Every structure is written in C-alpha cells, then in structure tokens.
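Right, one structure below, let's go through it.
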Amino acid sequence: MKKRIFEGFGEESYVMATMPNGLNIYIMEKPQYSSSYAIYGTRYGSIDTRFSKNSDEMITVPEGIAHYLEHKLFEGEDGDAFSKYAKTGAFANAFTSFDRTCYLFSCSDNFYENLDILLSFVQSPYFTKENVEKEQGIIGQEIRMYDDNPGWRVMFNLLKGMYHNHPVRIDIAGTVESIAQIDADLLYKCYETFYNPANMFICLVGNIDTDKTLKQIESSIIDREPVEITRGEFDEPQTIVKPYVEQRLAVNTPMFCLGFKQKINTPHRRLKSKICVDLLLQIICGDASPLYAQLMNDGLINDDFGSEYFNGNGYAAVIFEGESCDPERVASEIKAEINRLRTEGVSKKLFSAVKCAMYGDMVRRFNSVENLAMSLTECAMCGYSLFDEIKMLKSVSYDDVMKRFDVFCDENAVLSVIKPLED
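In my numbering, the protein residues as written are 925 to 1347.
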C-alpha cells in the first residue's frame, strides 16, 4: 500500500493511501474530537446512463439506476445494514448525486465496528427478482414525492430549461417509467462496473488511529482487478431549451432559480476556475454586496437567497436561487448588476473583503468532522489536495476574478419559477 502525507496550515494533516487494486483511502485524525465520520463512495451518479466496461460494447441503462442501486445495497442476504447500525448507535445514511454515490456513518463510539458494517454491506450486493420489484414501489413513491416538492422542482425545471440532451436534466431518482425497466441483472452489471475499488474511495475523519484503520480496510477489501470504464459522451448543444419555465405548486411565496448555462462540452473541475467563480458570486450577491443589501431592503429576497457554481462532467452553470414576491424583478436586478460590474469593474475593497471572508470560511471547515469528510470526498472526486483550495485562494488575483465574467451570457440565461396555486 502506498502512503502519502499531506500537511497544511498549523498542525492539520491527513494521509492518503492507495491499495494495489486502486482504492484510495483518506484519513484525517482529529483526536481532540469525540465523534468520527466515514464515507465510502464511488464515482458513479445519475448522469452515468451510458457506459462500457473494459472496451465492451457501450450500453444504455434506465435513468435512476444509480439511485436504485444505492437503495438496494443496504439490504443484504444477512439482513438490513440500518438494523446493524441501530445496535451500535451510529447514524447512517447514503446519497446519490449527479456524479457520485456515497454511503456514510457518524458515531461517537464503536467506530471500528461501524466501519466493519460499512465495508461489508457496500461490498456485498444481494439482488433478487423479488426484492428488486419490491423496491420499485418504494422508489416510485419517492419520485412522486419529489414531483410535489417545490425546492426540487424549481431546480430540475431550471435544468430542463437549460439542457437539451445531457442527463443532468433528469431527476436523480429517474421516473416511474424508467425504474420499471430495472432488474437484478442490470443492477449487478452497474455494480460490477462502478463499484470496483479502482473507481472508489474511502474518507475517514475523527478520533481514529490511521495505522489501525488502514489495516482493517486492507484486510476487509475484496481484491478485484481494476476495470476500465468508458463513459458516454453527451451531444449537448451550446444553446438553452427555453429562457423561462413556470410551474404552480403549494407554496406561499414564489420560488425561483436563475441560471446561466456555460458553453462547455468537457469536464469542468479546474480548481482555480471554481474559486474565481465562487469569489465572483460573493462579490455580485454575497452578504457584503450592495446588490444583496438592496434586494433585502426592498423586500425582494430573504435569508434563503443564495448562489452556487454548479458543474460536472459536460455541464456547468451559475445559479442564483431563493424566494421572492417578484422573481422576474430579482432576475432583472441580478443581470443588471452583472453587466454593471463587468463594465465598471469591481471595487478593490470589496474584492479584498470577500476574499478574506472566504478564507475564514475555508479555515472554519476544519472544525467539523462532517465538513472535512465531505471536503475529502471532493478531493477524491476531483484529484486535488484538501489544502490546495486555501493555497489557490491566496494566489487568486483581482484580474483572475474579473476574467470570469465570461460565465454570464444573457442569451444562455434561464429563469425557473414556482408560483402559488391559483385560487
């Protein structure tokens, strides 16, 4: 097993170990904390609907299968993993996103016993015709629940307004029709492709011993030959589908998402790009920005207002979201402020203040085992160090940030709105 130590500011450090089968393990000891957090993940998400393994023929699988597989892994031949965690007192969960599936637990006691449970059930798929068909009804109910969830719908309506063909436009859980096509054979095919150690990672943070943990993992991991995964390309036009999407649901105040689709067709995970756009978003509409103060004073937004740089394999967008009695006016004010700042330039004083605030936020993440585990997961997905983000932030210049106004193009803007039901 190859090991490498990453050292950051103060006494912060972590170990990255790579097993011969390609599994990457990240361990950060925090002996002063009483709790620990563990994530066992795979680079497999809802957008991976077309793929081939070891140069086999490219196949297309039903939408929602990655999420379906996440559900089914908890059910083993020897019982349900949640029941085992209940006996140890750990909190356990899992999630599937566009590009990853992660299984996790947090605990203050019995860490190594809980780690055994995690390592065991993630490596022990048990799919039968009967238990797969049973899950269709459960996930079908979940899909229908999301269909009525305003926060979920405003986001996916935005993505459907942006993307013509990219699977990021499809709900992570799929549709009732698509999950009806899933069977045990398809689940095993996806598992054997994406749940290979070479495509996976383990991130552990807390009051744990690195050497003991590595020995436990090394003795528990089933050795498998690494596989070569080819993911389908996305024939996605640079244009948007439509600039405005509206739906009516049971909300008191309208909800909105304003997105600017970026013109890219390649993976977009450059760290410097991400930091520059994050800085730019804080300058445009962060808590310290003039626009934020104006919108709050006018009663056009509330504390739920926020923004994000949304990006992954073949997709990237800048998104502003929140609640407002007048979403169209908020969208107009945001666009006007972007154009003003692009033309007049950003205040150097505001740039410095936002940069300092972001640095403080990055440092504060080291006070939470959960935040650190999630940050290490991002490192595993993107290939950079936990401390690279802070180093990169220090080096980013005013001119670097000004250049990133290229992410905003009015012709690629989409406004998604959820309005209250009509009387």
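Even glycine gets a Cβ: it sits at the ideal position worked out from N, Cα and C.
Since the structure is predicted, the reported quantities are computational estimates derived from the model, not experimental observations.
Buried/exposed call for Arg1093, threshold 16 Cβ in 10 Å:
For Arg1093, the number of other beta carbons within 10 angstroms of its own is at least 16, and it is reported as buried.
What's the call for Leu1345, buried or exposed, on a 16-neighbour Cβ count within 10 Å?
Burial is judged here by how many other beta carbons sit within 10 angstroms of a residue's own beta carbon; Leu1345 has fewer than 16 and is exposed.
Determine, using beta carbons only, whether Tyr957 and Asn1131 come nearer to each other than 8 Å.
Their beta carbons are under 8 Å apart, which means Tyr957 touches Asn1131 by this criterion.
For Arg1253 versus Leu1224, is the C-beta spacing smaller than 8 Å?
One thing to note: Arg1253 has its Cβ within 8 Å of the Cβ of Leu1224.
Taking the alpha carbon of Ser1143 as the reference point, which residue from Val939, Ile1153, Asn945, Ser1276 has its own alpha carbon closest?
It is Asn945 whose Cα lies nearest to the Cα of Ser1143.
Alpha carbon to alpha carbon, how far is Tyr1239 from Met1086?
Approximately 10 Å between the Cα atoms of the pair.
How far does the alpha helix (DSSP H) with Asn1235 in it extend, from its first residue to its last?
Per DSSP, Asn1235 lies in no alpha helix (DSSP H); the unbroken beta strand (DSSP E) holding it starts and ends at 1230-1236.
Identify whether Met1086 lies in helix, strand or coil by the three-state DSSP scheme.
Met1086: helix per DSSP, three-state reduction.
Using CA coordinates, which residue listed in Val1325, Asp980, Phe1080, Lys1113 is at the minimum distance from Thr1099?
Among Val1325, Asp980, Phe1080, Lys1113, the Cα nearest to that of Thr1099 is on Phe1080.
Which of the three DSSP states, helix, strand or coil, is assigned to Glu994?
In the structure shown, Glu994 sits in a helix (DSSP, three-state: H, G or I).
Please report the straight-line C-alpha distance between Glu1294 and Val1129, rounded to a whole angstrom.
One C-alpha to the other measures close to 8 Å.
Quick one: what does DSSP say Pro986 is sitting in, helix, strand or coil?
Look at Pro986 here: in three-state DSSP terms it is coil, with no helix or strand label.
Alpha carbon to alpha carbon, how far is Phe1015 from Phe1006? Give it in angstroms, no decimals.
Rounded to whole angstroms, Phe1006 to Phe1015 spans 9 Å at the Cα level.
Boundaries of the beta strand (DSSP E) in which Gln1065 is found, first to last residue:
From DSSP, Gln1065 is part of no beta strand (DSSP E) but of the alpha helix (DSSP H) over 1053-1071.
Could you check whether Phe1244 and Glu936 sit closer than 8 Å to each other, using their CB atoms as the reference points?
No, these two residues do not count as a Cβ contact at 8 Å.
Since Pro1091 and Thr1163 should fall inside the 8 Å C-beta cutoff, what is the C-beta to C-beta distance between them, to a whole number of angstroms?
No, Pro1091 and Thr1163 are not in contact; Cβ-Cβ is about 18 Å, not under 8 Å.
List the whole-angstrom C-beta distance separating Arg1024 from Met1305, where the pair is believed to meet the contact cut-off of C-beta under 8 Å.
Contact annotation, Arg1024 with Met1305: C-beta distance approximately 6 Å; criterion of less than 8 Å satisfied.
Leu1248, DSSP secondary structure in three states
Just to set this straight, residue 1248 is Ser in the shown sequence, not Leu. DSSP, read as helix, strand or coil, puts Ser1248 in coil.
Indicate whether Leu1028 and Cys1114 have their beta-carbon atoms separated by less than 8 Å.
Cβ atoms of Leu1028 and Cys1114: not closer than 8 Å.
Extent of the continuous beta strand (DSSP E) to which Pro1344 belongs
Its beta strand (DSSP E) spans residues 1337-1344.
At what residues does the beta strand (DSSP E) containing Arg1288 begin and finish?
Note, Arg1288: premise wrong, no beta strand (DSSP E); alpha helix (DSSP H) at 1272-1288.
Put Ala1260 into one of helix, strand or coil per three-state DSSP.
In this structure, Ala1260 counts as helix in the three-state DSSP scheme.
On the three-pair Cβ rule with 8 Å, is the region 1261-1270 touching the region 1321-1337?
As far as the Cβ criterion goes, the region 1261-1270 touches the region 1321-1337, which means the pair count is three or higher.
Could you give the DSSP three-state label for Ile1145: helix, strand or coil?
In this structure, Ile1145 counts as coil in the three-state DSSP scheme.
Same chain only: Cβ atoms within 8 Å of Thr1190, ignoring 5 sequence neighbours per side:
Here the model assigns Thr1190 a pLDDT of 46, short of 50, so the residue's position is not dependable, and the following value carries that caveat. Apart from the 5 residues on each side of it in sequence, Thr1190 sits with its Cβ closer than 8 Å to the Cβ of Gly1238 in its chain, given in chain order.
Looking at Phe1045 and Gly1013, is the spacing between their C-beta atoms short of 8 Å?
Contact: no.
Alpha-carbon spacing of Ser1271 relative to Val1278, whole angstroms:
Their Cα atoms are separated by approximately 11 Å.
For Ser937, does the three-state DSSP call read helix, strand or coil?
Correct three-state label for Ser937: strand.
Span separating the alpha-carbon of Gln1105 from that of Ile1096:
Going from the Cα of Gln1105 to the Cα of Ile1096 covers about 16 Å.
Of the choices Ser1021, Glu1059, Pro955, Arg967, whose alpha-carbon is the least far from that of His995?
Ranking Ser1021, Glu1059, Pro955, Arg967 by Cα distance to His995 puts Glu1059 first.
Quick test of the definition: if touching needs 3 or more C-beta pairs under 8 Å, does the region 976-983 touch the region 1043-1057?
Taking a cut-off of 8 Å on C-beta distances, the region 976-983 does not touch the region 1043-1057, as fewer than three cross pairs fall below it.
Here's a check: name, in chain order, each residue in its chain whose Cβ is nearer than 7 Å to the Cβ of Ile1063, leaving out the five neighbours to either side.
Tyr992, His995, Ala1097, Ile1103.
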